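Novice:
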Amino acid sequence: MNPQSKIYILGHRGMAGSAIRRNLEARGYHNLVTRTHSELDLTNQQAVNHFFKAERPEYVFLAAAKVGGILANSTYPAEFIYENLMIEANVIHAAYTYGVKKLLFLGSSCIYPRLALQPLKEEYLLTGELEVTNEAYAVAKIAGIRMCKHYNQQYGTNFISVMPTNLYGPGDNYDPETSHVMAALIRKFHEAKPNSSPQVVVWGTGTPRREFLYVDDMADACVYLMENYDASDIGEFVNIGLGEDVTIRELAELIGEIVGYGGKIVYDASKPDGTPQKLLDVSRLRELGWEAKVSLRNGIKQAYKWYVSKK
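Using UniProt numbering, the first residue of the sequence shown is number 1, and each one after it goes up by one.
#1: With a threshold of 16 other CB atoms inside 10 Å of the CB of residue 73, please say whether the residue is buried or exposed.
#2: If residue 8 sits next to residue 67, beta carbons under 8 angstroms apart, how far is it from one beta carbon to the other, in whole angstroms?
#3: Check whether the Cβ atoms of residue 70 and residue 194 sit closer than 8 angstroms, and answer yes or no.
#4: Within the same chain, show all residues whose beta-carbon is closer than 6 angstroms to that of residue 241, passing over the 5 residues directly before and after it, in chain order.
#5: Please determine, among 173, 161, 260, 249, the residue with the shortest C-alpha to C-alpha distance to residue 232.
#6: By a C-beta neighbour count over all protein chains shown, 10 Å radius and 16 as the cutoff for buried, is residue 310 buried or exposed?
#7: Tell me which same chain residues have a C-beta within less than 6 angstroms of the C-beta of residue 199, skipping the five on either side of it?
#8: Use the C-beta contact count for residue 133: other C-beta atoms within 10 angstroms, 16 or more gives buried, fewer gives exposed.
#9: Taking the beta strand (DSSP E) that residue 265 belongs to, which residues open and close that run?
#10: Does the distance from the C-beta atom of residue 90 to that of residue 45 stay below 8 angstroms?
#11: Using only the alpha-carbon positions, how far apart do residue 237 and residue 287 sit?
#12: Please report the distance separating the alpha-carbon of residue 202 from that of residue 276.
#13: Write down every uninterrupted run of the alpha helix (DSSP H) in the region 44-116 whose length is 4 residues or greater and which is fully enclosed by it, in chain order.
#14: Do residue 216 and residue 23 count as a contact pair if the criterion is CB distance below 8 angstroms?
#15: Distance, Cα to Cα, residue 221 vs residue 197?
#16: Measuring straight from C-alpha to C-alpha, what distance separates residue 207 and residue 247?
#17: Got a sec? Which residues, its chain only, sit under 6 angstroms from residue 158 by beta carbon, not counting five neighbours each side?
#18: Among 17, 6, 4, 2, which residue has its Cα nearest to the Cα of residue 169?
#19: Could you give the uninterrupted runs of the beta strand (DSSP E) lying entirely in the region 190-260, keeping only those of 3 residues or more?
#20: Leaving out five residues on either side along the sequence, give the residues of the same chain with a beta carbon under 6 angstroms from the beta carbon of residue 94.
#21: Please determine, among 303, 184, 34, 155, the residue with the shortest C-alpha to C-alpha distance to residue 56.
#22: Taking buried to mean at least 16 other C-beta atoms within 10 Å of its own C-beta, is residue 225 buried or exposed?
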């Protein structure tokens, strides 16, 4: 890519897409193409084809997806598999049809088997059963990875896939019905503090381990890979993560400390825990020359500052 390259960012108003846009602009890329959902329905094949035919983007960051936490994934599995499959199929095929030079597909670490060995290496894909609470989303993301792989095989395209760990930071979703654990906990502790609530209830036992990556670090890794590596260099896909994890209990205590909440933290074991552990092996990414820069503590401070600024 160069500063004049025409770059299409899908999902530019979401947390991941907006971070990619910030990173590109900071690096001097300004020929950026975006469309809101009302302007372009990515599940509509005809609309997607018309867009690619008219705009002819050279590079594509596919960060658009239907996303959510355990509650949303468990409640709306049909929407999660349908919408994500449609978006991926339409965009990847149109990118091939209209000669996109390079595409980056943003997946998710939930693609790995529920009980896979830790840390999760790229070669563990499809070696076991998926976590039932997000199976629909995971199946859709696996399909996107394999689409990129097989289009590269058959058509010689340069479509790369990355699998980020749990993301948080500016642009995160704080809706109590659909948010992921980081945003959900930040909101809970923030609302409990001024009300002097005696306790904050956290879903599950607090024992599952999770890895969290500040979203601007994720964006930096994506742009770095687009600038420096091709599909043949990366393999089928590459993990993007911090390389460290914490228990949900440790996370809750850290967020409570940063927010300044002084009450009790209670764990509701009747609620689902999800996968016991999900830590990515990021050795392949480190070998390619990139490492995360933002620590969990500093990232949560920045995320909380952003959340308060939007209240």
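The C-beta atom is built at its ideal place from N, Cα and C for all residues, glycine as well.
Just so it is clear, the structure is predicted and the values come from calculations on it, not from any experiment.
Specialist: Considering the structure as presented:
#1: That one is buried.
#2: Between residue 67 and residue 8 the Cβ distance is about 20 angstroms, and since that is not below 8 angstroms, they are no contact.
#3: No, the Cβ-Cβ distance between residue 70 and residue 194 is not below 8 angstroms.
#4: Closer than 6 angstroms at the Cβ level, and outside the excluded window around residue 241, lie 165, 211, 213, 280, 282.
#5: Checked all of 173, 161, 260, 249; the closest Cα to residue 232 is 161.
#6: Classification for residue 310: exposed.
#7: Beyond the five residues adjoining it in sequence on each side, residue 199 comes within less than 6 angstroms, by CB distance, of 263, 264, 266 in the same chain, given in chain order.
#8: Buried, because 16 or more other Cβ atoms sit within 10 Å of the Cβ of residue 133.
#9: Element bounds for residue 265: 264-268.
#10: Remark: C-beta atoms of residue 90 and residue 45 approach each other more closely than 8 angstroms.
#11: For residue 237 and residue 287, the distance between alpha carbons rounds to 14 angstroms.
#12: Computed Cα separation, rounded: 16 angstroms.
#13: Runs found: 45-55, 70-75, 77-97.
#14: One thing to note: residue 23 has its Cβ within 8 angstroms of the Cβ of residue 216.
#15: Rounded to whole angstroms, residue 221 to residue 197 spans 40 angstroms at the Cα level.
#16: Rounded to the nearest angstrom, the two C-alpha atoms are 6 angstroms apart.
#17: Cβ within range, chain order: 102, 230, 231.
#18: The closest CA to that of residue 169, considering only 17, 6, 4, 2, is found on 17.
#19: For the region 190-260, whole beta strand (DSSP E) runs of length 3 or above, ordered along the chain, are 199-203, 212-214, 238-240.
#20: Excluding sequence neighbours, residue 94 sits near 48, 49, 52.
#21: The residue with the shortest Cα to Cα distance from residue 56 is 34.
#22: Under this definition residue 225 is a buried residue.
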